[in-house]
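Peer 1:
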Amino acid sequence: MTEFVKPSIDYFELWPLLVVFGVACLGVVVEAFAPRRLRYVAQVGLALTGLVVALVGVVLVARDVTTYEDGAARGILAVGGTIAVDGPSLFIWGLVLALAIGGVLLFAERHLDGGVSAFAGQAAAVPGTDAETAALVANREHTEVYPLMMFAVFGMMLFPAANDLLTMFVGLEVLSLPLYLLSGLARRRRLLSQEAALKYFLLGAFSSGFFLYGAALLYGYAGSLDFAAINEAVRNDVGSPALLLIGTGLLSVGLLFKVGAVPFQAWTPDVYQGAPTPVTAFMAAGTKVAAFGAIMRLFYVALGADRWSWQPMLWIVAILSMFVGAALAITQSDIKRLLAYSSVAHTGFILTGVLGLQASDQLAIGEITSLQAVLFYLTTYGFATIGAFAVVSLVRDAGGETTAIDRWAGLGKESPVVAAVFAFFLLAMAGIPLTSGFVGKLAVFSVALAAGAWPVVVAAVIASIIAAFLYIRVIKVMYFDEPVGDGPSVAYPSVLTATTIAVGAAVTLVLGIVPGPVLDLAAVAGEFIR
Amino acid sequence: MTQYVVLSAILFTIGCVGVLTRRNAIVVFMCVELMLNASNLAFVAFAKQHGNLDGQITAFFVMVVAAAEVVIGLAIIMTIFRTRRSASVDDASLLKY
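These protein sequence lines are chains A and B, in that order.
When the first sequence is numbered by numbering that gives the first Met the number 0, its final residue is 529 and no position is left out of the sequence of numbers.
When the second sequence is numbered by numbering that gives the first Met the number 0, its final residue is 96 and no position is left out of the sequence of numbers.
1) Could you tell me the alpha carbon to alpha carbon distance between residue 437 of chain A and residue 293 of chain A, rounded to whole angstroms?
2) Looking only at DSSP bridge pairs, what is residue 66 of chain A linked to?
3) Tell me the DSSP bridge mates of residue 23 of chain B?
4) Can you pull out the residues from the region 291-311 of chain A whose beta carbon lies closer than 9 Å to at least one beta carbon of chain B?
5) Between the region 118-132 of chain A and chain B, which residues of the former have a C-beta closer than 9 Å to a C-beta of the latter?
6) According to the Cβ coordinates, are residue 65 of chain B and residue 35 of chain B closer than 7 Å?
7) Within 7 Å (strictly less), CB to CB, does residue 273 of chain A reach chain B?
8) Going along chain B in order, which residues have a C-beta closer than 9 Å to the C-beta of residue 319 of chain A?
9) Under three-state DSSP, which class holds residue 519 of chain A?
10) Within 7 Å of any Cβ in chain A, is that where the Cβ of residue 90 of chain B sits?
11) Would residue 217 of chain A count as contacting chain B if we go by Cβ distances under 7 Å?
12) Measure the alpha-carbon distance for residue 154 of chain A versus residue 161 of chain A and round it to whole angstroms.
13) Report the residue from A:231, A:263, A:189, A:188 whose alpha carbon sits nearest the alpha carbon of residue 203 of chain A.
14) Taking only runs of the beta strand (DSSP E) that begin and end inside the region 379-452 of chain A, which ones reach a length of at least 3 residues, in chain order?
15) Do we get a CB-CB distance below 7 Å when we pair residue 86 of chain B with the residues of chain A?
16) Measuring CA to CA, which of A:328, A:322, A:226 is closest to residue 529 of chain A?
17) Could you name the residues of chain B that residue 193 of chain A contacts, counting a contact when the two beta carbons are closer than 9 Å?
18) List, in order along the chain, the chain B residues whose C-beta lies closer than 8 Å to that of residue 172 of chain A?
19) Use the C-beta contact count for residue 315 of chain A: other C-beta atoms within 10 angstroms, 16 or more gives buried, fewer gives exposed.
20) Between which two residues does the alpha helix (DSSP H) harbouring residue 129 of chain A extend?
21) Cβ of residue 299 of chain A versus every heavy atom of the ligand MG: is any distance shorter than 6 Å?
22) Report yes if the C-beta distance between residue 304 of chain A and residue 233 of chain A is below 7 Å; otherwise report no.
23) Hey, how far is the Cα of residue 39 of chain B from the Cα of residue 90 of chain B?
24) Check each residue of the region 15-27 of chain B: if its Cβ is closer than 8 Å to any Cβ of chain A, include it; give the result in chain order.
25) So, is residue 83 of chain A buried or exposed, given that buried needs 16 or more other C-beta atoms within 10 angstroms?
26) Please compile the residues from chain B whose C-beta is within a distance smaller than 7 Å of the C-beta of residue 322 of chain A.
27) What does a CB cutoff of less than 7 Å around residue 14 of chain B pick up in its chain, not counting 5 residues either side in sequence?
28) Which one of A:509, A:172, A:397 has the shortest CA to CA distance from residue 427 of chain A?
29) What does residue 16 of chain A touch in chain B if you count any residue whose Cβ is under 7 Å from its own?
30) What number of angstroms, rounded off, separates the C-alpha of residue 171 of chain A from the C-alpha of residue 481 of chain A?
31) Relative to the alpha-carbon of residue 76 of chain A, which residue among A:7, A:61, A:379, A:446 has its alpha-carbon at the smallest distance?
32) Quick check: residue 526 of chain A and residue 71 of chain A, are their CB atoms within less than 7 Å of each other?
33) So, with DSSP's three-state summary, where would you put residue 161 of chain A?
34) Counting contacts by CB-CB distance shorter than 7 Å, is residue 31 of chain B in contact with chain A?
35) Along chain A, which residues have their Cβ under 8 Å away from the Cβ of residue 45 of chain B?
36) Distance cutoff 7 Å, beta carbons only. Does residue 269 of chain A sit that close to anything in chain B?
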């Protein structure tokens with residue numbers, strides 16, 4: 000038995016993480032003690048302040064980190080080696096926090112639906128009963144969504160920074176559990192929303208069961224949960240290779256489920272469609288960023304020496320995700336489902352980047368590491384997604400949001416600005432030059448090519464063409480089809496949603512024209528601590 | 000030691016098959032819990048084999064996480080049941096295609 004060593008908690012480096020967690024707990028207290036009329040202002044103010052303070056904290060920590068033990072990476076291992084505060088962690092923290100600020104702004108939007116938020120008046124009231132009507136008449140709303148979201152943000156920050164399997168599992172659950180609840184809280188179409196929550200929860204719990212058993216087997220193989228120790232064990236080939244192989248496979252099931260890769264994509268369209276649109280926007284962007292951070296850390300740091308056994312698996316998953324996502328997106332008639340399948344295709348593109356070269360010392364001049372390419376792609380994808388879903392929440396009719404694509408016909412005439420912004424986001428997702436999506440795709444494809452994964456890149460290019468067709472089809476519907484009946488109407492958002500859309504569009508445009516600064520930032524982030 | 004790991008694998012498989020075949024959301028959820036407990040057994044068995052405490056500590060964490068998951072899961076299943084008067088996963092089929 001080893002001696003218990005008291006871990007030193009590096010409060011300065013963990014400051015962003017602790018602020019978010021503290022604000023989440025404080026939000027629960029506010030919910031319990033503040034009177035109802037004050038809660039909205041208090042919760043929104045608290046959440047925004049917390050996120051901004053944490054973002055400033057990330058910048059301060061990033062300026063301050065030093066080289067770790069003379070290696071390639073910069074940063075420290077905090078709390079007894081369980082949390083790695085290194086360059087990639089900090090980059091992902093910053094990105095998640097920026098996306099979460101957009102998420103809070105969308106959550107707080109009250110202009111679109113006649114002075115109430117997109118969340119159920121009283122989630123406990125059964126749809127269609129007097130209790131629900133009473134809650135609607137009283138203009139009730141759930142302000143618990145803000146602390147729930149802050150817990151999810153905490154999970155999203157812990158998940159990619161976890162440096163052992165236990166912390167990673169805890170991060171995974173802290174990320175997921177609030178999102179299961181948030182998916183079920185829609186104000187309108189509550190049956191769909193509750194069904195989405197049930198499906199997300201059951202499948203999510205199922206996949207985390209796989210993750211945990213995989214962790215147990217890997218622990219059995221290496222005798223430790225620590226990534227560095229697992230890497231050591233893999234290099235020295237200490238245990239039974241069967242344990243390693245099955246453990247890796249089961250862990251990948253859990254992680255690939257979270258990013259919605261084929262064949263674990265079944266929940267994506269249902270949950271994206273059923274969840275309230277602000278939740279979908281936040282979840283689609285944030286979860287993918289966090290989960291890809293975790294995937295890269297697990298595969299590069301813990302299982303990097305065993306890459307010949309997991310690479311073929313990721314090849315197949317990447318190719319399947321791209322083709323299935325793009326092909327099924329074409330058949331969709333609902334805009335949220337279409338964006339969901341397009342996110343499955345994007346998962347495939349990002350996995351293509353994950354397959355690239357890993358270490359910076361293997362690079363020729365002018366090449367970038369796969370880590371940089373994926374971080375850049377995640378930035379472009381995150382902002383385009385949150386912006387696109389924010390636009391979806393604007394297009395409405397009497398029954399709430401109009402998500403059927405054929406009802407979007409004539410949007411170009413009804414509201415040229417909204418249609419133009421949405422078309423721009425779609426073009427970015429398609430990867431048209433002068434948008435961020437083009438640079439992102441170029442980056443992930445070039446790192447995959449450099450690593451010799453040309454079959455995946457060929458498949459990715461073909462899938463991009465299929466996907467471009469579906470985005471352009473939506474643009475055609477918006478601009479060139481005759482409106483059905485009255486056509487769609489566009490609700491005027493408050494400054495909150497407008498800011499989110501504007502920032503999303505601006506980032507998408509700027510990263511398409513001058514990607515240099517963010518690519519440099521990703522390069523400065525450097526490597527994972529190994 | 001191998002017996003315990005084999006037992007945990009059997010429990011995990013039973014849980015996994017249960018999730019895929021059972022129709023009641025509560026039973027599906029119980030099967031997920033079985034999978035988590037199978038993992039716990041494996042963790043504890045491997046901890047004994049390797050002679051360190053990591054696996055046993057993990058088992059405690061997993062119990063806490065599983066308890067949190069129960070709270071959230073039962074809340075969601077209860078809401079669905081009160082709306083639909085049914086906890087069958089087949090009945091919840093508005094979202095498709």
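Glycine included, C-beta positions come from ideal geometry on N, C-alpha and C.
Peer 2: Reading it off the structure:
1) Answer to the nearest angstrom: the Cα atoms are 25 Å apart.
2) Beta bridge pairing from DSSP links residue 66 of chain A with A:73.
3) Bridge partners of residue 23 of chain B: B:87.
4) From the region 291-311 of chain A, no residue has a Cβ closer than 9 Å to chain B.
5) Within the region 118-132 of chain A, the residues whose Cβ lies closer than 9 Å to some Cβ of chain B are 122, 123, 125, 126, 127, listed in chain order.
6) It is a contact, given that the beta carbons lie within the stated cut-off.
7) Closer than 7 Å to some Cβ of chain B, the Cβ of residue 273 of chain A qualifies, so yes.
8) Neighbours of residue 319 of chain A on chain B: none; closest Cβ ~19 Å, over 9 Å.
9) Looking at residue 519 of chain A - three-state DSSP - the assignment turns out to be helix.
10) Residue 90 of chain B does not count as touching chain A.
11) False, the Cβ-Cβ gap to chain B never drops below 7 Å.
12) Residue 154 of chain A and residue 161 of chain A: Cα-Cα distance of roughly 10 Å.
13) Comparing Cα-Cα distances from residue 203 of chain A to each of A:231, A:263, A:189, A:188, the minimum goes to A:263.
14) If only uninterrupted beta strand (DSSP E) runs of at least 3 residues are considered, those enclosed by the region 379-452 of chain A are 394-396.
15) Using a CB distance cut-off of 7 Å, residue 86 of chain B does not count as an interface residue toward chain A.
16) Comparing Cα positions, the closest option is A:226.
17) Those are 75, 78, 79, 82, 83, 91, listed as they occur along chain B.
18) Per Cβ cutoff of 8 Å: 64, 67, 68.
19) That one is exposed.
20) Counting along the chain, the alpha helix (DSSP H) containing residue 129 of chain A begins and ends at 129-136.
21) Absence of the ligand MG is noted for the structure shown, with no ligands found whatsoever.
22) A Cβ-Cβ contact shorter than 7 Å links residue 304 of chain A with residue 233 of chain A.
23) Approximately 33 Å, taken between the alpha carbons.
24) For the region 15-27 of chain B, which is checked against every Cβ of chain A, the residues closer than 8 Å are 15, 18, 24, 27.
25) Answer is buried; the Cβ neighbour count reaches 16.
26) None at all; the shortest Cβ gap to chain B is about 18 Å.
27) Same-chain partners within the cutoff: 30, 31, 33, 34, 37.
28) Out of A:509, A:172, A:397, A:509 has the C-alpha closest to the C-alpha of residue 427 of chain A.
29) What residue 16 of chain A touches in chain B: nothing, since even the nearest Cβ is about 18 Å away.
30) Residue 481 of chain A has its alpha-carbon roughly 46 Å from the corresponding atom of residue 171 of chain A.
31) Among A:7, A:61, A:379, A:446, the Cα nearest to that of residue 76 of chain A belongs to A:7.
32) If you check the CB distance, residue 526 of chain A and residue 71 of chain A come in under 7 Å.
33) In this structure, residue 161 of chain A counts as strand in the three-state DSSP scheme.
34) For residue 31 of chain B, the answer is yes, since a Cβ of chain A falls inside 7 Å of its Cβ.
35) The answer, in chain order, is 215, 218, 219, 222.
36) Under the 7 Å criterion on CB atoms, residue 269 of chain A is classed as interfacial with respect to chain B.
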